[in-house]
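Right, one structure below, let's go through it.
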Amino acid sequence: AQSVTQLDSHVSVSEGTPVLLRCNYSSSYSPSLFWYVQHPNKGLQLLLKYTSAATLVKGINGFEAEFKKSETSFHLTKPSAHMSDAAEYFCVVSPPEGTGTASKLTFGTGTRLQVTL
Amino acid sequence: DGGITQSPKYLFRKEGQNVTLSCEQNLNHDAMYWYRQDPGQGLRLIYYSQIVNDFQKGDIAEGYSVSREKKESFPLTVTSAQKNPTAFYLCASGERDYEQYFGPGTRLTVT
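Chains as they are written, first to last, in the working numbering: chain V, -3 to 113; chain G, 1441 to 1551.
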């Protein structure tokens, strides 16, 4: 069984300040974890993924996330927000890659990031 | 230009009518997926296919049907049996058991 909780439905930051989007997961195995971003009325774009290699994962557009098994967390961060970062962000958990069950993605309910001037 | 295309972007239908949403990919991916997205919720899996001529129900398959006659195509039909069809529909594809790549979505409105 697996589940994912995004702790904030809405986060507002000023341009140039750090971004922190929080995600906790629950899994009965060692999961794969993903962050996707969705701009209004668009599809989802993969930002980064964790698949049991390095615990600090770097993604596109300056985002990174750290897998912390002891805290069952996979928080997304960025040192300096840009206006173009304003979007919906989804944390996703799945069984490990290559186990025949990657169809079983479980999505969080999303965090809307607002970036102000 | 590689990617996933969904058409149309916006679709309007009257209640009681079936409607088919198109999804095409030229990424040579084996697996394709359909998700439904409602406001304030995560994505929910409708159907998925890991190989041509085979597909499985996801978590919310009732009122939907699919076919997978070609590797690059995975159309979704929203039937009149779907009680609440108005939603944003997203198609995805990927190598089996690995990350999924999403199309731009189709917003369906049924009145």
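Just so you know, even glycine gets a beta-carbon here, dropped at the ideal spot from N, CA and C.
Exposed or buried, what is residue i when buried is set at 16 or more other beta-carbons lying within 10 Å of its beta-carbon?
| i | result |
| --- | --- |
| V:K144 | Only positions -3 to 113 of chain V appear in this structure, which leaves residue 144 of chain V out of reach. |
| V:A34 | Checking the sequence, you will find Gln at residue 34 of chain V rather than Ala. The residue is buried, with at least 16 neighbouring Cβ atoms inside 10 Å. |
| G:M1472 | buried |
| V:H78 | exposed |
| V:L113 | exposed |
| V:L16 | exposed |
| V:S28 | buried |
| V:L40 | buried |
| G:Y1487 | buried |
| G:Q1481 | exposed |
| V:Y32 | buried |
| V:S66 | exposed |
| G:Q1457 | exposed |
| V:I56 | exposed |
| V:G104 | buried |
| G:S1489 | buried |
| V:A50 | exposed |
| V:L52 | exposed |
| V:G12 | exposed |
If I measure Cβ to Cβ from residue i and keep anything under 6 Å in the same chain, skipping five residues before and after, which residues do I get?
| i | result |
| --- | --- |
| G:D1499 | R1484 and L1485 |
| V:N20 | T1, T68 and S69 |
| G:V1550 | R1453, E1455, P1525 and T1526 |
| G:Y1450 | R1547 |
| V:G58 | K74 |
Since I believe residue j is in contact with residue i (beta carbons under 8 Å), could you give me their beta-carbon distance rounded to a whole number of angstroms?
| i | j | result |
| --- | --- | --- |
| G:L1461 | G:T1546 | 5 Å |
| V:T73 | V:E60 | 6 Å |
| V:P14 | V:S80 | With a Cβ gap of about 16 Å, V:P14 and V:S80 do not count as contacting. |
| V:E84 | V:H71 | That pair is no contact at about 16 Å. |
| V:T102 | V:D4 | At roughly 18 Å, the Cβ-Cβ gap does not stay under 8 Å, so V:T102 and V:D4 are not in contact. |
| V:F86 | G:E1539 | At roughly 13 Å, the Cβ-Cβ gap does not stay under 8 Å, so V:F86 and G:E1539 are not in contact. |
| G:S1505 | G:C1463 | Not quite, the Cβ-Cβ distance comes to about 14 Å (not below 8 Å), so this is no contact. |
Under 7 Å Cβ to Cβ from residue i, same chain only, skipping five residues before and after it: list those, please.
| i | result |
| --- | --- |
| G:A1527 | R1476, Q1477, D1478 and L1548 |
| G:L1530 | Y1475, Q1477, L1483, F1542, G1543 and G1545 |
| V:S23 | Q(-2) and V89 |
| G:K1497 | Y1487 |
Can you list, in chain order, the residues of its chain with a C-beta nearer than 8 Å to that of residue i? Leave out the 5 residues immediately preceding and following it.
| i | result |
| --- | --- |
| G:A1521 | E1502 and G1503 |
| V:Q110 | H6, V7, S8, V9 and A82 |
| G:K1523 | G1503 |
| V:K100 | Q(-2), S90 and P91 |
| G:V1492 | R1508, E1509, K1510 and K1511 |
| V:S48 | S26, S28 and P92 |
Can you pull out the residues from the region 1492 to 1504 of chain G whose beta carbon lies closer than 9 Å to at least one beta carbon of chain V? Residues of the region 1492 to 1504 of chain G with a C-beta less than 9 Å from any C-beta of chain V: Q1496 and G1498, listed in chain order.
To be precise: take each residue of the region 22 to 50 of chain V, compare its Cβ to all Cβ atoms of chain G, and keep it if any distance is under 9 Å. Which residues remain? Going along the region 22 to 50 of chain V in chain order, one finds S28, F30, Y32, Q34, N37, K38, G39, L40, Q41, L42, K45 and T47 with a Cβ nearer than 9 Å to chain G.
Members of the region 1468 to 1494 of chain G that neighbour chain V once the beta carbon cut-off is set at 9 Å: Only those residues of the region 1468 to 1494 of chain G whose C-beta falls short of 9 Å from the nearest C-beta of chain V are listed: A1471, Y1473, Y1475, Q1477, G1480, Q1481, G1482, L1483, R1484, L1485, Y1488 and Q1490.
Pull out every residue of the region 79 to 92 of chain V whose Cβ sits closer than 7 Å to any Cβ of chain G, in chain order. Closer than 7 Å at the C-beta level to chain G, one finds these residues of the region 79 to 92 of chain V: F86.
Where the region 1534 to 1550 of chain G meets chain V: residues whose CB sits under 8 Å from a CB there: Answer in chain order: G1534, R1536, D1537, Y1538, E1539, Q1540, Y1541, F1542, G1543, P1544, G1545 and R1547.
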